[in-house]
Amino acid sequence: LCQLQCEWKTRNLLSHLQTGRDLEDEIIISHSHPHIRLLPQRISELESVVHSLSKKQAFRPQLPSYESLVQEIHHYVTSIAKVTAVQDLLMRLLQALHTDGARSAQVLQNLLKEEASWQQSHHQFRKRLVEEYALYPDTVTPLQASILQLQHGMRLVASEVHASLHSNVIRAENLGALAMAVLAFPSVGPSFPTYHAHADALCTVNSAEALQGLGKLMVKRLGGKEREGKGQQPYPTREQLLMNALLYLRSHVLYKGELDQRALLLFRHLCQEIINEWDEQERIAQEKAEQENSLYRYRSRSCRSALSEEEEEELELRKLFPLHEKDFADILIEQTLEEKKGASDGQEEEEATDPALLSQSSMQAVMEIHQQLCLSFARSLWYQQTVPPHEAKHYLSLFLSCYQTGASLVTHFYPLMGVELNDQLLGSQLLACTLSYNTLCGEATSDLMMKPDGPYDFYQHPNVAEARQCQPVLQGLSEAVSQLLEEWPEHPVLQQLLVVMDRIRGFPLSSPISKLLNGLEILLAKAQDWEENASRALSLRKHLDLVSQMIIRWRKLEL
1 LCQLQCEWKT RNLLSHLQTG RDLEDEIIIS HSHPHIRLLP QRISELESVV
51 HSLSKKQAFR PQLPSYESLV QEIHHYVTSI AKVTAVQDLL MRLLQALHTD
101 GARSAQVLQN LLKEEASWQQ SHHQFRKRLV EEYALYPDTV TPLQASILQL
151 QHGMRLVASE VHASLHSNVI RAENLGALAM AVLAFPSVGP SFPTYHAHAD
201 ALCTVNSAEA LQGLGKLMVK RLGGKEREGK GQQPYPTREQ LLMNALLYLR
251 SHVLYKGELD QRALLLFRHL CQEIINEWDE QERIAQEKAE QENSLYRYRS
301 RSCRSALSEE EEEELELRKL FPLHEKDFAD ILIEQTLEEK KGASDGQEEE
351 EATDPALLSQ SSMQAVMEIH QQLCLSFARS LWYQQTVPPH EAKHYLSLFL
401 SCYQTGASLV THFYPLMGVE LNDQLLGSQL LACTLSYNTL CGEATSDLMM
451 KPDGPYDFYQ HPNVAEARQC QPVLQGLSEA VSQLLEEWPE HPVLQQLLVV
501 MDRIRGFPLS SPISKLLNGL EILLAKAQDW EENASRALSL RKHLDLVSQM
551 IIRWRKLEL
């Protein structure tokens with residue numbers, strides 16, 4: 001508008017100087033350019049628009065986030081990323097690494113805690129960059145890469161300090177060799193050990209010493225107390241190493257097509273070690289039973305908690321057909337005092353029973369492998385058998401067993417391992433990712449899939465393809481409930497529906513369908529409290545019908 005007004009004034013002044021008349025004169029305007037004739041009309045239109053807009057409230061954008069990004073980066077480089085601060089932490093770590101036992105363990109522990117806090121601060125800053133400044137990838141992405149390099153370098157030095165701190169408890173060479181024995185892939189090649197070499201490595205004295213060192217280290221971390229609870233074992237057990245060695249040996253024999261003298265000696269050694277472990281387990285159980293029988297409180301408790309034959313059958317039935325009641329125990333109706341007492345007694349009995357050193361499933365696997373090798377590879381004049389092929393399922397069962405063993409090892413003790421292991425473990429990581437992808441995405445044509453042994457068990461085996469069908473149903477219902485919560489915030493029924501759905505979606509895809517089915521039925525029952533009082537406009541019936549169809553579908557699958 002201002003530009004057009006200035007143009008009109010300029011042209012009007014020019015006309016007055018040339019003709020002595022203004023542009024508003026009819027004779028002058030009739031002989032002027034159409035652009036000049038339209039200028040007053042356009043100025044009038046813009047003035048009316050300005051007048052109408054002046055009656056409305058104008059939108060003011062927020063302060064540009066680039067300025068706050070600059071402030072964040074400036075604060076970062078002058079605080080946790082300050083050159084002198086980073087160099088000071090690095091120098092102290094290097095001094096601790098090159099000091100031969102002069103500093104106390106407590107000083108080193110405090111230094112490692114400081115480094116962990118430093119790492120956490122950098123992690124939080126990187127997370128904030130991604131969440132708040134995603135519109136500036138040309139600035140944020142290189143900065144993130146630089147921060148990651150800085151963190152990685154500091155972590156390498158801290159890992160060396162961590163390893164030197166516990167070098168008197170466990171040797172890094174033994175731990176690295178143990179990780180290599182269970183996680184290296186492929187196992188047949190010019191630069192990789194054979195299956196037999198892996199099996200032999202798991203039976204060596206170094207592996208046994210590594211296990212003992214890990215046990216001492218865990219006790220040291222817990223402050224001298226024994227580990228309690230039934231959580232995941234943070235380091236491999238003797239049973240896992242023996243079973244993995246036996247699986248390695250089976251793959252070696254199947255791949256080679258014969259049970260030679262060297263493999264036979266190792267096979268006998270493994271079987272003897274497993275028998276010794278079993279005998280030791282039975283001896284400990286017998287001694288414990290004798291001690292419990294000699295004490296009045298154990299005898300009285302056993303008398304009170306003695307189960308009848310029907311109750312034992314009920315327990316066995318529940319093991320085969322679990323109800324998964326504990327998954328939603330905090331959401332369902334409160335238990336009575338007697339039910340709580342019975343549940344607590346059962347929990348005490350479970351806690352009082354020590355986990356077996358050799359499980360029944362492991363002994364069953366030992367029996368099957370022993371039968372397969374002895375019957376298939378025995379040779380005499382009167383006994384000849386066809387050598388079984390080395391199929392993909394044999395190696396995958398071996399790989400999964402070893403990978404699960406090595407995963408807990410790397411998760412809890414990776415600071416004690418050298419960086420040279422990275423190149424050796426890339427193959428196993430790629431194979432594990434391929435197995436997970438094929439299993440989750442349903443690549444039925446591929447042999448690289450995790451499949452259950454034997455016929456499908458609805459109550460025990462996972463069914464990833466069916467479990468994935470549940471996700472869109474829960475997502476739609478969750479969005480509908482969230483919209484209702486905007487109108488009725490803190491509504492107890494709606495909040496409980498969200499809790500149940502979050503609990504179901506929190507189950508891993510490897511869960512059996514019966515576990516997810518139990519959650520869907522609880523969700524449907526809880527939703528009836530809302531449907532009984534909701535109007536047609538606020539009903540969740542469309543989404544609940546999909547839940548009902550999923551339940552019916554899975555009940556048919558159960559049959």
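Number 143 in this note's numbering belongs to position 143 of the sequence shown; there are no gaps in the numbering. A virtual CB, placed ideally from N, CA and C, is assigned to each residue, including glycine.
- Sequence-distant partners of Cys203 (beyond 5 residues in either direction) whose C-beta falls short of 6 angstroms from its own C-beta, in its chain, are Ala245.
- Looking at the DSSP output, Pro462 shares a beta bridge with Pro512.
- Taking a C-beta distance under 9 angstroms as the contact criterion, Ala210 and Leu425 do not qualify as a contact pair.
- Inter-residue distance for Gln385 and Ser401 is about 29 angstroms (C-alpha atoms, whole angstroms).
- Residue nearest to Ser482 within the set Met550, Gln495, Lys515 and Ile504 is Gln495 (criterion: CA-CA distance).
- With fewer than 16 other CB atoms across the displayed protein chains lying within 10 angstroms of its CB, Gln3 is exposed.
- In the three-state DSSP reduction, Phe192 falls in the strand class (E or B).
- Between Tyr133 and Glu173, the gap from beta carbon to beta carbon reaches 9 angstroms or more.
- Excluding its 5 nearest sequence neighbours in each direction, Arg92 has C-beta neighbours in its own chain below 8 angstroms: Leu111, listed in chain order.
- For the set Glu531, Val499 and Trp554, the Cα lying nearest the Cα of Pro512 is the one of Trp554.
- Within the same chain, Leu448 come within 8 angstroms of Thr434 by CB-CB distance, once the 5 residues on both sides are set aside.
- Contact annotation: the stretch 387-401 touches the stretch 236-253, with at least three C-beta pairs closer than 8 angstroms.
- A contact between stretches requires three or more CB pairs, one per stretch, nearer than 8 angstroms, and the stretch 280-290 fails this requirement with the stretch 415-423.
- Taking each of Pro388, Thr237 and Arg262 in turn and checking the Cα distance to Glu277, the smallest one comes out for Thr237.
- The residue among Val157, Leu156, Val387 and Leu247 with its C-alpha nearest the C-alpha of His198 is Leu247.
- Along the length of the stretch 42-124, whole alpha helix (DSSP H) runs at least 4 residues long occupy 65-77 and 83-98, reported in chain order.
- In the three-state reduction of the DSSP assignment, Glu24 falls in the coil class.
- Judged by beta-carbon spacing, His166 lies beyond the 9 angstroms limit of Leu409, meaning their Cβ atoms are not closer than that value.
- For Gly215, the CB contacts under 8 angstroms within the same chain, skipping 5 residues up- and downstream, are Tyr235 in chain order.
- The residue from Val161, Pro142 and Glu67 with its alpha-carbon nearest to that of Gln109 is Val161.
- If you look at Gln18, you'll find it in the alpha helix (DSSP H) that goes Cys2 to Thr19.
- Distance from the CA atom of Phe185 to the CA atom of His269, rounded to whole angstroms, is 25 angstroms.
- Burial of Ile274 is indicated by the presence of at least 16 other C-beta atoms within 10 angstroms of its C-beta.
- Taking C-beta separations shorter than 6 angstroms and ignoring five residues to either side along the sequence, the partners of Leu523 in its chain run Val500, following chain order.
- Taking the CA atoms as reference points, Val107 sits about 15 angstroms from Arg221.
- Contact annotation, Arg126 with Gln144: C-beta distance approximately 6 angstroms; criterion of less than 8 angstroms satisfied.
- The stretch 530-547 makes contact with the stretch 466-482; the number of CB pairs closer than 8 angstroms reaches 3 or more.
- Per DSSP, Ser32 lies in no alpha helix (DSSP H) and is assigned neither H nor E.
- Gln87 has its alpha-carbon roughly 18 angstroms from the corresponding atom of His75.
- For Ser15, the number of other beta carbons within 10 angstroms of its own is at least 16, and it is reported as buried.
- In this structure, Leu509 lies near Val464, with their beta-carbon atoms less than 9 angstroms apart.
- Counting of Cβ neighbours within 10 angstroms places Glu115 among the buried residues, the total reaching 16 or more.
- In this structure, Leu97 sits near Ser164, with a CB-CB distance shorter than 9 angstroms.
- Judged by DSSP in its simplified three-state form, Arg536 adopts coil rather than helix or strand.
- The C-alpha of Phe413 is placed about 31 angstroms away from the C-alpha of Ser79.
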